[in-house]
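Here's the structure, in C-alpha coordinates; my notes come after.
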Amino acid sequence: MLHVISLVAVAAVVVLYAVTGVLALTTGRAVPWQRGYILRPRLWGSGALLFGAGMGLARYGSTVHDLTAADIVFPCSLLMLVCGGVMQYIGQRVGRVRT
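Quick note: the sequence shown uses the working numbering, first residue 997, plus one each step.
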(Lines of atoms letter the chains of each structure in order from A and count residues from 1; the text may use other names and numbers.)
(Lines give C-alpha, C1' and ligand atoms only; values in the text may rest on other atoms or scores of the structure.)
Protein backbone atom coordinates (compact mmCIF):
# COMPACT_ATOMS: atom_id res chain seq x y z
CA MET A 1 0.00 0.00 0.00
CA LEU A 2 2.83 2.37 0.83
CA HIS A 3 4.32 1.72 -2.61
CA VAL A 4 1.12 2.88 -4.29
CA ILE A 5 0.85 5.98 -2.08
CA SER A 6 4.42 7.01 -2.85
CA LEU A 7 3.83 6.39 -6.55
CA VAL A 8 0.78 8.65 -6.54
CA ALA A 9 2.55 11.36 -4.52
CA VAL A 10 5.60 11.41 -6.78
CA ALA A 11 3.39 11.37 -9.88
CA ALA A 12 1.47 14.39 -8.60
CA VAL A 13 4.67 16.34 -7.93
CA VAL A 14 6.15 15.39 -11.31
CA VAL A 15 2.98 16.51 -13.09
CA LEU A 16 3.02 19.81 -11.15
CA TYR A 17 6.65 20.41 -12.10
CA ALA A 18 5.92 19.53 -15.72
CA VAL A 19 2.94 21.89 -15.90
CA THR A 20 4.88 24.79 -14.37
CA GLY A 21 7.87 24.08 -16.62
CA VAL A 22 5.79 23.95 -19.79
CA LEU A 23 3.93 27.10 -18.74
CA ALA A 24 7.21 28.96 -18.20
CA LEU A 25 8.72 27.68 -21.45
CA THR A 26 5.78 28.37 -23.73
CA THR A 27 4.53 31.69 -22.38
CA GLY A 28 7.70 33.12 -20.87
CA ARG A 29 5.82 33.82 -17.65
CA ALA A 30 6.21 32.19 -14.28
CA VAL A 31 3.47 30.73 -12.17
CA PRO A 32 1.61 33.40 -10.17
CA TRP A 33 3.09 32.52 -6.77
CA GLN A 34 6.64 32.78 -8.16
CA ARG A 35 6.37 35.83 -10.43
CA GLY A 36 8.23 38.17 -8.07
CA TYR A 37 11.13 35.78 -7.67
CA ILE A 38 11.89 34.47 -11.16
CA LEU A 39 14.08 36.59 -13.42
CA ARG A 40 14.47 34.16 -16.35
CA PRO A 41 11.26 32.12 -16.68
CA ARG A 42 12.40 30.00 -19.64
CA LEU A 43 15.56 28.89 -17.85
CA TRP A 44 13.57 28.24 -14.70
CA GLY A 45 11.00 26.25 -16.71
CA SER A 46 13.71 24.12 -18.30
CA GLY A 47 15.07 23.41 -14.84
CA ALA A 48 11.60 22.51 -13.60
CA LEU A 49 11.12 20.04 -16.44
CA LEU A 50 14.55 18.51 -15.85
CA PHE A 51 13.96 18.29 -12.09
CA GLY A 52 10.56 16.67 -12.59
CA ALA A 53 11.97 14.17 -15.07
CA GLY A 54 14.74 13.34 -12.60
CA MET A 55 12.17 12.72 -9.87
CA GLY A 56 10.17 10.45 -12.15
CA LEU A 57 13.29 8.57 -13.22
CA ALA A 58 14.38 8.12 -9.60
CA ARG A 59 10.94 6.73 -8.74
CA TYR A 60 11.13 4.39 -11.72
CA GLY A 61 14.64 3.36 -10.70
CA SER A 62 13.35 2.18 -7.34
CA THR A 63 11.17 -0.39 -9.11
CA VAL A 64 13.95 -1.79 -11.32
CA HIS A 65 15.20 -5.12 -10.01
CA ASP A 66 18.14 -5.51 -12.40
CA LEU A 67 21.28 -4.34 -10.62
CA THR A 68 23.01 -3.12 -13.79
CA ALA A 69 20.03 -1.02 -14.86
CA ALA A 70 19.70 0.42 -11.35
CA ASP A 71 23.38 1.35 -11.41
CA ILE A 72 22.71 3.40 -14.55
CA VAL A 73 19.29 4.85 -13.68
CA PHE A 74 20.05 6.24 -10.22
CA PRO A 75 23.15 8.29 -11.14
CA CYS A 76 21.33 9.65 -14.19
CA SER A 77 18.34 10.65 -12.09
CA LEU A 78 20.60 12.26 -9.48
CA LEU A 79 22.38 14.23 -12.20
CA MET A 80 19.03 15.37 -13.61
CA LEU A 81 17.84 16.45 -10.17
CA VAL A 82 20.99 18.44 -9.45
CA CYS A 83 21.12 20.08 -12.90
CA GLY A 84 17.42 20.95 -12.75
CA GLY A 85 17.80 22.47 -9.30
CA VAL A 86 20.81 24.51 -10.40
CA MET A 87 18.95 25.76 -13.48
CA GLN A 88 16.01 26.80 -11.32
CA TYR A 89 18.34 28.57 -8.90
CA ILE A 90 20.07 30.46 -11.70
CA GLY A 91 16.69 31.48 -13.14
CA GLN A 92 15.65 33.13 -9.87
CA ARG A 93 16.54 36.52 -8.49
CA VAL A 94 18.89 35.91 -5.61
CA GLY A 95 18.04 37.76 -2.42
CA ARG A 96 14.63 38.90 -3.62
CA VAL A 97 11.97 38.70 -0.96
CA ARG A 98 8.31 39.55 -1.33
CA THR A 99 7.11 42.29 1.02
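Beta carbons: idealized from backbone N, C-alpha and C, even for Gly.
Are the Cβ atoms of residue i and residue j separated by less than 9 angstroms?
{"i": "G1050", "j": "L1075", "result": "yes"}
In angstroms, rounded to a whole number, what distance separates the CA positions of residue i and residue j?
{"i": "V1060", "j": "V1078", "result": "21 angstroms"}
{"i": "V1082", "j": "V1069", "result": "20 angstroms"}
{"i": "Y1056", "j": "A1026", "result": "28 angstroms"}
{"i": "V1004", "j": "L998", "result": "10 angstroms"}
{"i": "A1054", "j": "T1016", "result": "20 angstroms"}
{"i": "V1000", "j": "S1073", "result": "20 angstroms"}
{"i": "V1006", "j": "A1066", "result": "18 angstroms"}
May I ask which residues mark the beginning and end of the alpha helix (DSSP H) holding residue i?
{"i": "V1069", "result": "1063-1087"}
{"i": "I1001", "result": "998-1023"}
{"i": "G1054", "result": "Correcting the residue type first, residue 1054 is Ala in the shown sequence and not Gly. Unbroken alpha helix (DSSP H) run through A1054: 1037-1057."}
Assuming residue i and residue j are in contact, meaning their beta carbons sit under 8 angstroms apart, how far apart are those beta carbons, in whole angstroms?
{"i": "A1020", "j": "W1040", "result": "6 angstroms"}
{"i": "G1048", "j": "V1010", "result": "5 angstroms"}
{"i": "L1046", "j": "G1080", "result": "3 angstroms"}
What residue from the options has the CA that sits closest to residue i's CA?
{"i": "Q1088", "options": "C1072, R1038, S1058", "result": "R1038"}
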